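Numbering (our numbering), first residue to last: -14 to 549.
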């Protein structure tokens, strides 16, 4: 594979019948002899791609595009390999993910089958924690349905395992348990159930149990040191995402990371394109009144860094029974989840964000939160007139766990962009059944219905460093096509085709962030971002899709990753 690059001295001019844009007499690079799935609107397949100045200038047959080669043109022989547009990760917490992978104790159910094993791990690690540091444990979403004991660790158990070290166990990204020392350091007090947007669980006597939800603003590692952030965004994140075929990522970052991102945006580009969404606390109460202060300088190339939107968590998360639902969770008639803000507060935030020219990203996992988001978007649309431009009003995790009556039609009519995580079929179907009940859970992950309703769901890994499997793009394609899950084949009538799943990872993901004009398909005029994979994804049994590998990732016409 390393021997693909060869030089060509063939010169010539552009031949008729080739898709092209005006360019110089010769291309910088030609990629030839491939099976190039352009994923344009017609689903065109070509053999070759011509690139100049980081953009695609022509596509067509190898024979015709060789006429674009000049004395300095580099020719890459694809040797019949399959080429796809570069994958667009439309939703990821990139810096947090790297932080977790590098520093936190692994308490995921894949490696930690029980609370008993978890406590052993914590006790073993506690003796090595430097004085003054926290011991943070990354656990899988819905750990209470995965551990053998069918529950989370208690504060008392964490105290016994690590009495002298502050410990925080993360039940996914929306719920945590701390030991007594950790609770004191966070400021937990008797009778106080709300702090900086966090919901703190109290026992019958008003004492904190150690469990809390939506504790982003209390998270001890919220403010990552600037030098670490520079290393993450400039090197670690690009290397990690490029190796999986990603050429672009919509990274969601706390407001305090903005100075570092702004600084990096004014320097040399990396090998990964950043679209940026900023957030504060879950409910957005700490978002500054004036958003124009976050603008990037005009000198920054938006193809590499673009500040796109503001994110707010309308509710919490269905897997830990925090998503705001209209009917109670299974087995608990009083459990309806968590709302992080009121409808008037949400309406005002959406309006303020859109007036500042930024997109609004509403996290909504329960049907009540989805309805609130659509209500807010409809109010804004009445003032703006007409459907929203692609990528400007978005719902993150739209309908993944449930849809309300009319949600599909309403989202389409309002021009709402949606972002989904198809791989969650595989990782969260079982917990969805347990949390919602088998009947209601059949309404989850309705990607077929979304597409049939005219929505074009974009994709995101939602990587936080906890469920590492979801960084694999082929997991998402495989799950969307086969509906294989941790609960067997899940609602197979909601399966999508291979091409539709690929569009979710590429063109539709780019469209859902307002970047379709430059990303998501292999067409003249667009950025020369694509990925070479190990087999023709259209011609293998669907069950084998998950085993596909990325051989090379190309960004701006340059090879940035080659498989070992």
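Just so it is clear, CB atoms sit at the ideal spot from N, CA and C, and this is done for glycine as well. On a predicted model such as this, the values are computed, not experimentally measured, just so you know.
With distance defined between alpha-carbon atoms, name the residue in the options nearest to residue i.
{"i": "residue 281", "options": "265, 260 and 16", "result": "260"}
{"i": "residue 390", "options": "69, 434 and 366", "result": "434"}
{"i": "residue 343", "options": "285, 299 and 277", "result": "277"}
{"i": "residue 243", "options": "257, 211, 226 and 266", "result": "211"}
{"i": "residue 128", "options": "118, 95, 112 and 117", "result": "95"}
{"i": "residue 55", "options": "25, 75 and 13", "result": "13"}
{"i": "residue 150", "options": "114, 131 and 169", "result": "114"}
{"i": "residue 144", "options": "119, 483 and 164", "result": "164"}
{"i": "residue 495", "options": "451, 231 and 215", "result": "231"}
{"i": "residue 545", "options": "225, 519 and 188", "result": "225"}
{"i": "residue 355", "options": "374, 301, 483 and 339", "result": "301"}
{"i": "residue 290", "options": "235, 166, 52 and 85", "result": "235"}
{"i": "residue 554", "options": "519, 525, 523 and 332", "result": "Here the chain covers residues -14 to 549 and nothing more, so residue 554 does not appear."}
{"i": "residue 148", "options": "155, 133 and 169", "result": "169"}
{"i": "residue 254", "options": "275, 215, 274 and 482", "result": "215"}
{"i": "residue 437", "options": "480, 202 and 4", "result": "480"}
{"i": "residue 304", "options": "548, 367 and 321", "result": "321"}
{"i": "residue 425", "options": "311, 283, 439 and 335", "result": "311"}
{"i": "residue 490", "options": "447, 297 and 453", "result": "447"}
{"i": "residue 470", "options": "505, 376 and 417", "result": "417"}
{"i": "residue 427", "options": "399, 411 and 477", "result": "477"}
Just to confirm the assignment, what range does the beta strand (DSSP E) spanning residue i have?
{"i": "residue 195", "result": "193 to 198"}
{"i": "residue 163", "result": "160 to 163"}
{"i": "residue 106", "result": "Where residue 106 is concerned, there is no enclosing beta strand (DSSP E), although the alpha helix (DSSP H) it sits in stretches over 100 to 111."}
{"i": "residue 294", "result": "290 to 298"}
{"i": "residue 80", "result": "It is not in any beta strand (DSSP E) - residue 80 instead sits in the alpha helix (DSSP H) that spans 79 to 88."}
{"i": "residue 62", "result": "59 to 62"}
{"i": "residue 415", "result": "Residue 415 -> not in any beta strand (DSSP E); alpha helix (DSSP H) instead, spanning 409 to 421."}
{"i": "residue 69", "result": "67 to 70"}
{"i": "residue 403", "result": "402 to 405"}
Would you grab the beta carbon distance between residue i and residue j for me? Rounded to a whole angstrom, and I think it's under 8 Å.
{"i": "residue 475", "j": "residue 430", "result": "7 Å"}
{"i": "residue 139", "j": "residue 200", "result": "At roughly 17 Å, the Cβ-Cβ gap does not stay under 8 Å, so residue 139 and residue 200 are not in contact."}
{"i": "residue 299", "j": "residue 324", "result": "7 Å"}
{"i": "residue 359", "j": "residue 396", "result": "7 Å"}
{"i": "residue 421", "j": "residue 315", "result": "6 Å"}
{"i": "residue 206", "j": "residue 121", "result": "6 Å"}
{"i": "residue 258", "j": "residue 288", "result": "6 Å"}
{"i": "residue 393", "j": "residue 361", "result": "That pair is no contact at about 18 Å."}
{"i": "residue 28", "j": "residue 485", "result": "Contact doesn't hold; Cβ gap of about 11 Å is too wide."}
{"i": "residue 217", "j": "residue 77", "result": "That belief does not hold up - the Cβ atoms of residue 217 and residue 77 are roughly 12 Å apart, past 8 Å."}
Please report the residue range of the alpha helix (DSSP H) in which residue i lies.
{"i": "residue 484", "result": "483 to 490"}
{"i": "residue 35", "result": "Counting along the chain, residue 35 falls outside any alpha helix (DSSP H), though it belongs to the beta strand (DSSP E) covering 33 to 37."}
{"i": "residue 462", "result": "458 to 467"}
{"i": "residue 364", "result": "352 to 369"}
{"i": "residue 328", "result": "328 to 340"}
{"i": "residue 435", "result": "432 to 437"}
{"i": "residue 26", "result": "Counting along the chain, residue 26 falls outside any alpha helix (DSSP H), and DSSP gives it neither H nor E."}
{"i": "residue 224", "result": "222 to 227"}
{"i": "residue 141", "result": "140 to 146"}
{"i": "residue 244", "result": "243 to 250"}
Cβ atoms of residue j and residue i: under 8 Å apart, would you say?
{"i": "residue 497", "j": "residue 365", "result": "no"}
{"i": "residue 515", "j": "residue 530", "result": "no"}
{"i": "residue 23", "j": "residue 36", "result": "no"}
{"i": "residue 90", "j": "residue 116", "result": "no"}
{"i": "residue 47", "j": "residue 11", "result": "no"}
{"i": "residue 237", "j": "residue 268", "result": "no"}
{"i": "residue 378", "j": "residue 401", "result": "yes"}
{"i": "residue 513", "j": "residue 473", "result": "no"}
{"i": "residue 68", "j": "residue 462", "result": "no"}
{"i": "residue 444", "j": "residue 407", "result": "yes"}
{"i": "residue 466", "j": "residue 527", "result": "yes"}
{"i": "residue 441", "j": "residue 493", "result": "yes"}
{"i": "residue 73", "j": "residue 233", "result": "yes"}
{"i": "residue 507", "j": "residue 70", "result": "yes"}
{"i": "residue 456", "j": "residue 131", "result": "no"}
{"i": "residue 33", "j": "residue 449", "result": "no"}
{"i": "residue 93", "j": "residue 451", "result": "yes"}
{"i": "residue 295", "j": "residue 327", "result": "no"}
{"i": "residue 152", "j": "residue 185", "result": "no"}
{"i": "residue 209", "j": "residue 84", "result": "yes"}
Between residue i and the ligand MN, is the CB less than 7 Å from at least one heavy atom?
{"i": "residue 212", "result": "By its list of ligands, the structure shown contains no ligand whatsoever, and the ligand MN lies outside what it can speak to."}
Item to complete: Please determine if the region 36 to 43 and the region 175 to 182 are in contact, where contact requires at least 3 C-beta pairs separated by less than 8 Å.
Response: Short answer: they don't touch.
Discussion item. I want to know whether the region 159 to 168 touches the region 125 to 141 - three or more CB-CB distances under 8 Å.
Written reply: In short, these stretches touch, since the Cβ pair count reaches three.
Worksheet item: With a cut-off of 8 Å, do at least 3 Cβ pairs link the region 63 to 72 to the region 11 to 26?
Response: The region 63 to 72 vs the region 11 to 26: in contact.
Discussion item. Measuring CB atoms only, is the region 343 to 354 touching the region 372 to 391, in the sense that at least three cross pairs come out at less than 8 Å?
Written reply: Per the Cβ contact rule, the region 343 to 354 is in contact with the region 372 to 391 (3 or more Cβ pairs under 8 Å).
Practice prompt. Determine, using beta-carbon pairs with one atom in the region 99 to 115 and one in the region 246 to 255, whether at least three such pairs fall under 8 Å.
Written response: No: fewer than three Cβ pairs fall under 8 Å.
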